[in-house]
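Participant: Structure in structure tokens, see below.
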Amino acid sequence: MYTRYFGLKEKPFTIAPNPNYLFMSEQHQEALAHLLYGLNSEGCIILLTGDIGTGKTTICRSLLQRLPQDTEVAVVFNPKQTITELLGSICEELGIKNIKEGSSAKALVDALNEHLLNSHARGKNTALIIDEAQNLDVEILEQLRLLTNLETDTRKLLQIVLIGQPELRTILQAPELEQINQRITTRYHLGPLCRADIDAYVEHRLAKAGIPPILKLFDQKALNYLAKTSRGIPRIINTLCDRALLGAYATNNVTVSHSIIKNARKEITQGFSSVSRPPERTGKIAALVLSALALLGGSVLLFLQFSPYSMSDLPALNRIRQEQPQQLSALTNGADNGPLAASDASRSQQPTLSEAKE
1 MYTRYFGLKE
11 KPFTIAPNPN
21 YLFMSEQHQE
31 ALAHLLYGLN
41 SEGCIILLTG
51 DIGTGKTTIC
61 RSLLQRLPQD
71 TEVAVVFNPK
81 QTITELLGSI
91 CEELGIKNIK
101 EGSSAKALVD
111 ALNEHLLNSH
121 ARGKNTALII
131 DEAQNLDVEI
141 LEQLRLLTNL
151 ETDTRKLLQI
161 VLIGQPELRT
171 ILQAPELEQI
181 NQRITTRYHL
191 GPLCRADIDA
201 YVEHRLAKAG
211 IPPILKLFDQ
221 KALNYLAKTS
231 RGIPRIINTL
241 CDRALLGAYA
251 TNNVTVSHSI
261 IKNARKEITQ
271 GFSSVSRPPE
281 RTGKIAALVL
291 SALALLGGSV
301 LLFLQFSPYS
311 MSDLPALNRI
321 RQEQPQQLSA
331 LTNGADNGPL
341 AASDASRSQQ
351 PTLSEAKE
């Protein structure tokens with residue numbers, strides 16, 4: 001929606017774990033180095049934890065790009081499975097064939113062991129990466145410990161990387177999981193970005209999308225507010241910045257100011273839920289007023305239900321309605337040129353950020 005206006009190749013602040021956008025702060029470099037060291041040193045179990053949105057999954061995807069060619073890997077992103085389902089997923093990820101439907105856990109482990117021995121004979125290492133590992137049941141964790149018993153006289157045949165939220169560390173401290181806890185050879189906890197890294201993070205993602213750092217798309221007051229409200233969590237930073245760029249676009253601004261990003265946070269955290277109900281009234285006049293409001297509310301609900309726009313788009317649409325009623329008619333009727341083609345036509349008369357670059 002706003003990419004052309006700002007001269008961006010793509011949206012820079014999506015929450016998808018795109019490894020191309022991985023910002024390597026000092027601690028992110030350390031986290032990735034710990035994972036690679038654990039795998040290269042033939043560690044048994046490697047543990048990476050971090051709060052929600054700190055970039056664990058992105059680091060995981062970056063790790064996959066950096067694994068040596070002699071390493072085959074199975075990745076499980078949905079660990080909420082039974083033991084048999086998990087073993088089946090691992091075998092499927094490793095390309096193990098001739099697995100009969102309805103095979104028992106023992107049959108799956110035997111097939112996995114045979115595959116690992118064959119891979120070892122060909123000089124290959126095998127790693128299992130499990131994301132969201134805090135969702136693993138105790139029985140599953142115990143089964144993973146048993147998989148680390150698959151070995152030759154000189155080395156383990158399977159290395160396991162567990163990635164999860166901080167509660168995973170607490171789970172592993174349980175007495176019944178002492179044995180698997182003792183087999184963790186490498187541990188790292190990923191925290192939020194520090195204040196200096198937040199500014200660099202925003203510039204990094206904008207640069208990846210086509211905006212050089214010399215063009216300050218976010219002013220310093222906006223960045224200060226962003227640092228305070230996001231608490232250094234990359235996922236929150238992405239969400240706020242994406243909404244702020246949309247707000248700047250909707251108001252024909254080429255930079256994101258403090259007021260724009262503050263309004264973006266308000267839209268995200270409150271939306272329309274902050275609209276208070278009218279106070280209760282008595283008498284016929286109040287009844288008539290409430291009836292009128294009910295009819296109006298029904299019309300609004302019908303519009304919201306069948307409109308292709310989200311509730312957060314309504315302020316921009318209302319503004320366009322006042323300024324460009326004919327274009328809005330084309331928008332709401334689903335014109336072929338896209339939801340904001342008519343608005344973009346009016347914007348073409350104003351300098352965009354991409355033109356400012358020149």
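Residue 272 in full-length UniProt numbering is what sits at position 272 of the sequence shown, and the numbering runs on without skipping anything. The beta-carbon is built from N, C-alpha and C at its ideal position, and this holds for glycine as well.
Taking T154 as the reference, which of N20, E42 and P166 has the closest Cα?
Facilitator: Cα-wise, what sits closest to T154 is E42.
Participant: With 16 other CB atoms within 10 Å as the buried threshold, where does C194 fall?
Facilitator: Exposed is the call here.
Participant: For Y249, which of L217, T229 and I236 has the nearest alpha-carbon?
Facilitator: Per the Cα distances, L217.
Participant: Taking the alpha-carbon positions, what's the L168 to R183 distance?
Facilitator: When rounded, the distance between both Cα atoms is 15 angstroms.
Participant: Smallest Cα separation from H120: which of T71, E93, T148 and A105?
Facilitator: Among T71, E93, T148 and A105, the Cα nearest to that of H120 belongs to T71.
Participant: So, with DSSP's three-state summary, where would you put V254?
Facilitator: If DSSP states are grouped into helix, strand and coil, V254 belongs with coil.
Participant: Going by DSSP, what residue range makes up the alpha helix (DSSP H) through Y5?
Facilitator: Taken as a continuous stretch (DSSP letters only), the alpha helix (DSSP H) holding Y5 covers T3 to F6.
Participant: Would you mind sorting T282 into buried or exposed? The rule is 16 or more other CB atoms within 10 Å of its CB.
Facilitator: Bear in mind that a pLDDT of 39 at T282, under 50, signals an unreliable position, so the model cannot answer this.
Participant: Please state the DSSP three-state secondary structure of I46.
Facilitator: Looking at I46 - three-state DSSP - the assignment turns out to be strand.
Participant: Rounded to the nearest angstrom, what separates K11 and A209 at their Cα positions?
Facilitator: K11 and A209: Cα-Cα distance of roughly 7 angstroms.
Participant: Determine the contact status of F232 and P175, defining contact as a CB-CB distance below 8 angstroms.
Facilitator: Note on identity: in this sequence residue 232 is Gly, with Phe being the wrong assignment. Contact flag unset, no.
Participant: From the DSSP secondary-structure annotation, give me the bridge partner or partners of L128.
Facilitator: Paired residue(s): A74 and I160.
Participant: Does the distance from the C-beta atom of L190 to that of T82 stay below 8 angstroms?
Facilitator: No, these two residues do not count as a Cβ contact at 8 angstroms.
Participant: What does the Cβ neighbour count give for R66, buried or exposed, with the cut at 16 atoms within 10 Å?
Facilitator: With fewer than 16 other Cβ atoms within 10 Å, it is exposed.
Participant: For I320, does the count of other Cβ atoms within 10 angstroms reach 16, so buried, or fall short, so exposed?
Facilitator: Only weak support is given to the placement of I320: the predicted model assigns it a pLDDT of 39, under 50, and the value that follows is read from those uncertain coordinates. When all chains shown are included, I320 counts as buried.
Participant: Of the choices A196, I237, K221 and I268, whose alpha-carbon is the least far from that of T255?
Facilitator: Checked all of A196, I237, K221 and I268; the closest Cα to T255 is K221.
Participant: Answer with buried or exposed for P79, where buried requires no fewer than 16 other C-beta atoms within 10 angstroms of its C-beta.
Facilitator: It is buried - the Cβ of P79 has at least 16 other Cβ atoms within 10 Å.
Participant: Does the pairing of the stretch 27 to 36 with the stretch 82 to 91 give three or more beta-carbon distances under 8 angstroms?
Facilitator: Contact fails: fewer than three Cβ-Cβ distances are below 8 angstroms.
Participant: Given that a residue counts as buried once 16 or more other Cβ atoms are within 10 Å of its Cβ, and exposed if not, what is P308?
Facilitator: Per-residue confidence for P308 stands at a pLDDT of 42, beneath the threshold of 50, marking its modelled position as unreliable; no derived number is given.
Participant: Just checking, does the stretch 135 to 154 make contact with the stretch 5 to 20 on the three C-beta pairs under 8 angstroms criterion?
Facilitator: Contact fails: fewer than three Cβ-Cβ distances are below 8 angstroms.
Participant: Taking the beta carbon of K56 as the centre, do at least 16 other beta carbons fall within 10 Å, making it buried, or is it exposed?
Facilitator: Buried.
Participant: To the nearest whole angstrom, what separates the beta carbons of T58 and P166, a pair I think is in contact under 8 angstroms?
Facilitator: About 17 angstroms; that fails the 8 angstroms criterion.
Participant: Sorted by chain position, which residues of the same chain lie with C-beta nearer than 6 angstroms to L245's C-beta, five sequence neighbours on each side aside?
Facilitator: Answer for L245: Y2, listed in chain order.
Participant: If distances are taken between C-alpha atoms only, which option among F13, C60, K156 and I52 comes closest to Q29?
Facilitator: Taking only the C-alpha atoms, the option nearest Q29 is C60.
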